[in-house]
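Asker:
Chains as they are written, first to last, in my numbering: chain A, 6 to 267; chain B, 7 to 350.
(1) If the criterion is Cβ atoms closer than 9 Å, does the pair residue 44/A and residue 166/A meet it?
(2) What is the C-beta distance between residue 85/B and residue 58/B, in whole angstroms, given that I count them as a contact (C-beta under 8 Å)?
(3) Report yes or no: do three or more beta-carbon pairs, one from the segment 175-190 of chain A and one from the segment 206-220 of chain A, lie closer than 8 Å?
(4) Counting only the same chain and skipping the five closest in sequence on each side, list residues whose C-beta sits under 6 Å from that of residue 192/A.
(5) So what's residue 317/B in DSSP terms, helix, strand or just coil?
(6) Mind checking who residue 238/A pairs with in its DSSP beta bridge?
(7) Taking the C-alpha atoms as reference points, what is the distance between residue 226/A and residue 57/A?
(8) May I ask you to report which of helix, strand or coil DSSP gives residue 230/B?
(9) Assign residue 211/A to one of three DSSP states: helix, strand, or coil.
(10) Rounded to the nearest angstrom, what separates residue 156/A and residue 171/A at their Cα positions?
(11) Looking at the secondary structure, which residues open and close the alpha helix (DSSP H) in which residue 185/A lies?
(12) Please classify residue 31/A: is it buried, with 16 or more other beta-carbons within 10 angstroms of its beta-carbon, or exposed?
(13) Could you work out which residues of chain A lie near residue 271/B, taking near to mean beta carbons separated by less than 8 Å?
(14) Using DSSP bridges, identify the partner residues of residue 263/B.
(15) Which same chain residues, not among the five before or five after residue 243/A, have their C-beta less than 6 Å away from its C-beta?
(16) Going by DSSP in three states, residue 289/A sits in which element: helix, strand or coil?
(17) Hey, would you say residue 162/A sits closer than 9 Å to residue 117/A, going by beta carbons?
(18) Run through the DSSP bridge pairs and tell me what residue 33/B is partnered with.
(19) Tell me which residue opens and which closes the alpha helix (DSSP H) that residue 306/B is part of.
(20) For residue 72/B, go through chain A and note every residue whose CB falls closer than 8 Å to its CB, in chain order.
(21) CB of residue 55/B to nearest heavy atom of the ligand NAP: below 8 Å?
(22) Between which two residues does the alpha helix (DSSP H) carrying residue 91/A extend?
(23) Put residue 331/B into one of helix, strand or coil per three-state DSSP.
(24) Contact between the segment 42-58 of chain B and the segment 12-24 of chain B is defined here as three or more beta-carbon pairs at a separation below 8 Å; is this criterion met?
(25) Give the single residue among 37/A, 29/A and 28/A whose Cα lies nearest to the Cα of residue 13/A.
(26) Which residue from 249/A, 140/A and 198/A puts its Cα closest to that of residue 49/A?
(27) Cα separation between residue 131/A and residue 145/A?
(28) Decide if residue 329/B is buried, meaning its Cβ has at least 16 other Cβ atoms within 10 Å, or exposed.
(29) CB-CB under 6 Å to residue 326/B, same chain, minus the five flanking residues each way: which ones, in chain order?
(30) Taking the CB atoms as reference points, tell me whether residue 255/B and residue 318/B lie closer together than 9 Å.
(31) Give me the Cβ distance between residue 290/A and residue 135/A, rounded to the nearest whole Å; I'm assuming they're in contact under 8 Å.
(32) Can you pull out the residues from the segment 86-107 of chain A whose beta carbon lies closer than 7 Å to at least one beta carbon of chain B?
(33) Any idea what DSSP makes of residue 68/A, helix, strand or coil?
(34) Using a beta-carbon distance cut-off of less than 7 Å, what residues from the segment 29-57 of chain A approach chain B?
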C-alpha cells in the first residue's frame, strides 16, 4: 500500500474522550483505520484498548469527540441504517464470546439468519463454508464451544465474525492464550483472509510476534491517546519511554531478531 | 458512505461474438442476498457445461465468499485452480478469493455429513437399552458416592482439627437461614390449601372439625424439604426447617379453620392436642435428615459433573432435582410402609 495514494478511512476517531466517573481513559484521541490494512493496536494493560474498540463499535457513547464508522456516526443513525452499518463489521471478542449452548455451526448461522433472507438449509451451507475458511475441520461443526481447544474456539469465533462478509473485522487479542505455534498459524490465517477477501483488520494485541508478522501499521495507545500510528520500524524508533520499554525489552528484542532472520 | 446499489448476479452460457465459442459469463453482484437465486441459475446451466468451461469475469460486480463458494462448487476445483493460476483476465483479488474458497469447498466436500438417522422401532429399542444401562450406571455411581461420603465422614469425626466449622456454618446459613422465608410462606399456604380442600370434602359429611386432624397429619408426617448441597449442613438444618415448616403450615391451616369454618384457635389447639399423637412429629422430623442426606449427596454428585457451559449447569441442576424428588418419594413410600407395618 503506497503512502501517496488516497486511502479510504473506514474508521475515523477524532478528539475522543472516554471517562468513567473521575477516571479519564482517553483524552483527545485520534485514529484512522484504512481500507485493506491490518492495524495492530498495542498499549499497556488498562490503557483503554478494549474501551476504544467498544466505542468504535457504538457499544459505548464517546464522552467527547466523534467516531465515524464507514463515514457514519452510529449514534446519529436511525435504527435500520445502524443495523446495516453494524452488519458490515465482524467482531472477535477477547474470549471468543461464542454462544455456549449452540454448536459451532449454529453459532456461525446466527448472524446469517438474523441479517439475511437465507433459508435454514442455505445458511447451514454458507456456515460450513465459513468454518472451512477459518481452517477448522468439518467434524468441528457439530461440537459445542466447551468441547473445543482455545485455538479452535478462536477460529470458530472468527468464522462467525466473517459470516456476513464484513468489510472490517475487529479482533480483541486474538492470539492471547494460544501456544506459539497456534498463534503463528492464526496470524497466517488472518493474513490469508485479508489478502483473499480484501478485509480490513483492526487487531488489539499484546503479541509482539503478531506485530512483526502481519501488521501493516501499529498504533500505540499511551498517555490516554494514540501517540503514534505508523509502520512498525517507525514506531520502534519513536521517542517515548513506554515504547522503548515495550519494544526494546527482552521479549521485544527476541521477537524482532526472530523476524529479522525470516 | 452508503454501499452502492446492488444488482443481482447473472450467469449465462453464451457464444462470444468474435470467436463463436461458448463462454460462461458472470455479471452483476455475486453476494449473500442473492444466494438462492444464484444457485438455481448455476444448477440450471450445469448439465450443459463442459468439464472446464471458458469463463468471463470482466463485468462481474462484487463477489463475496458466499458467491465465490457457489461459483467454486459449480466450476469444480480443477477448473478453479487452473483459473486461479493462469487466467490473467480475471482480477487478482477475485482469483485469490476463488482460490481460497475453492480449498474450503473441497474440504467440505471431502467430508460429507453422515446421512440423517431414521428413528425407527429398532432405534427406539436401542434407546431404551441405552437408558437402562445409563440408569444402572447412575445408581452405582450414586451408591459409590454415598459410600465415599460416609467413609470420609467416619474418618473425619475422630479428628476435630479437620472439621471445617466455618464452611459448615456458612453452608447452614446458606441452606437453612436463607431458606426460612420461602419455606415458611410456602408451608403456610400449603397448610391453608389443605385445610380449605379438606374442609370442602369433609363438609359433605358434616365433619369439618376433622380438618384439624388433616392439617396435623399432612404436616407432621409428610413435610420435608428440598434441595441444596453440603451434606452435614443440610442434615443439621433440614429438621429445623422442617419444624418451622410444620409450624407455619399448622398456622396456615388454623387461620383457614378460624375464618372459613369458625373453628377458633383455642378449639383448634385442643382438638390438635387430643387427636394428634406427638410421635407423628418425631416420625416426620426423623425422616428429614435422611432426605437431606440424599438430596445433598445427589446435589454434590451432579455438581461435580458440571462442565464448560451455562447449559451444562442447567442440565445438571435439572437432573439433580429430578433424582432428588424421585428418591425422596421412593424412600418416603418405603418409610410409610414400614411405619404402617410397625403400627407407629
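Virtual Cβ for every residue (Gly too), placed ideally from N, Cα, C. This structure is a prediction, so every number in the text was calculated from the model and none was measured.
Answerer: Well, looking at it:
(1) no
(2) 5 Å
(3) yes
(4) 215, 218 and 219
(5) helix
(6) None; residue 238/A has no bridge partner.
(7) 10 Å
(8) Here residue 230/B scores only 36 on pLDDT, less than 50, and its place in the model is too uncertain to base an answer on.
(9) coil
(10) 22 Å
(11) 185-202
(12) buried
(13) What residue 271/B touches in chain A: nothing, since even the nearest Cβ is about 52 Å away.
(14) Paired residues: none, contrary to the question.
(15) 233
(16) Residue numbering for chain A in the displayed model covers 6 to 267; residue 289/A lies beyond these limits and cannot be assessed.
(17) no
(18) 16/B and 65/B
(19) 285-311
(20) 131, 134 and 170
(21) Because no ligand of any kind appears in the structure shown, any question about the ligand NAP cannot be addressed here.
(22) 84-91
(23) helix
(24) yes
(25) 37/A
(26) 249/A
(27) 15 Å
(28) buried
(29) 304, 305 and 308
(30) no
(31) Since the displayed chain A opens at 6 and closes at 267, residue 290/A lies outside it and no answer follows.
(32) 105 and 106
(33) coil
(34) none
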